[in-house]
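Step one of this worksheet: look at the structure below.
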Amino acid sequence: MITAVLTIDDIASKNTPAIVDYLREKDIQAVMFAVAEWAEANYEEAVYTVKNGMILGNHSATHPSFSQISLEEGVREIERCEETLARIYRDAGVERVYRPFRFPYGDKGGANKAALQQYLKEQGFSKLRDTQIPYPWWKQTGLDKDIDTLWTYDFEEYRIRQGSDFTAEDAMRKIHRTDAGVSAPLLADGGSHILLLHAHDETDAMFPGYYKAFIEELLENGVTFTRPSFL
Ligand SMILES: [Zn+2]
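Residues in the sequence shown are numbered consecutively from 17, following the numbering used here.
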């Protein structure tokens, strides 16, 4: 048995509704993380995610590296995105129940890490359930204590671009890797993952329907997608 929760970053893009339609067809609910600036630029596409049953989370206002900005700037980034998300949910006519947060690049803020975690806790952000994750490093590195949503497996499909040495074939091959270079082999029996994908239009231009290709590959290899739940 292999289970996985799907998360999709950098909402919204022009391609976002097509991704949502595909996920609905497969009965997969994803947590989608929005960057306020990009959700404002593709506002209808952002509203579409919530109207169609996806959970929209906070991924900052402008996608900075949190270790490169001050604590005050970090808090403002999170607040600005909260304002946008509140408006998106209101315009979608959907009650906002869960408020997950993901740091851009998984950068938890360096010297401000503890203060940012405290802030997220005090503000009532939602922690994605991670008690089922079996990889020892998850607890050894304290990720089980953090409020923000990291991932166990990154498809790295954003690296597929013009002039890059990382290809669609590499991304597909990575899914099957079991060597020590992969901290959580995706298809190992007993696995339980938080999967990271992105909604980049640039990736879809390079590898049309990339998200379908990955999800089909996982489904064919016995991965069960579970609905996101929160602690
Ligand atoms: Zn991102």
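Yeah, the Cβ is synthetic: ideal placement off N, Cα and C, and Gly gets one too.
With distances taken between CA atoms, Ala55 lies nearest to Thr100 out of Thr242, Gly158, Thr100. Proximity to Ser83 across Pro120, Glu60, Ile71 peaks at Pro120, based on C-alpha coordinates. The secondary-structure analysis by DSSP pairs Val110 with nothing; it has no beta-bridge partner.
Of the residues assessed, Glu88 falls on the exposed side of the cut-off, its CB having fewer than 16 other CB atoms within 10 angstroms. Contact check for Thr78 and Ala215: beta-carbon distance about 17 Å, past the 8 Å limit, so the pair fails to qualify.
By the 16-neighbour rule on beta-carbons within 10 angstroms, Trp154 is buried. Across the set Gly69, Leu39, Tyr59, the C-alpha of Tyr59 shows the shortest separation from the C-alpha of Ser29. Not one heavy atom of ligand 1 sits closer than 8 Å to the Cβ of Tyr105. Beta-bridge analysis with DSSP links Phe49 to Asp25, Gly73. With fewer than 16 other CB atoms across the displayed protein chains lying within 10 angstroms of its CB, Lys161 is exposed. Of Met17, Ile18, Leu22, Ile35, the smallest CA-CA separation from Thr219 is found for Ile35. Judged by DSSP secondary structure, Ile35 falls within the alpha helix (DSSP H) whose first and last residues are 32-41. The nearest non-hydrogen atom of ligand 1 is 8 Å or more from the C-beta of Val63.
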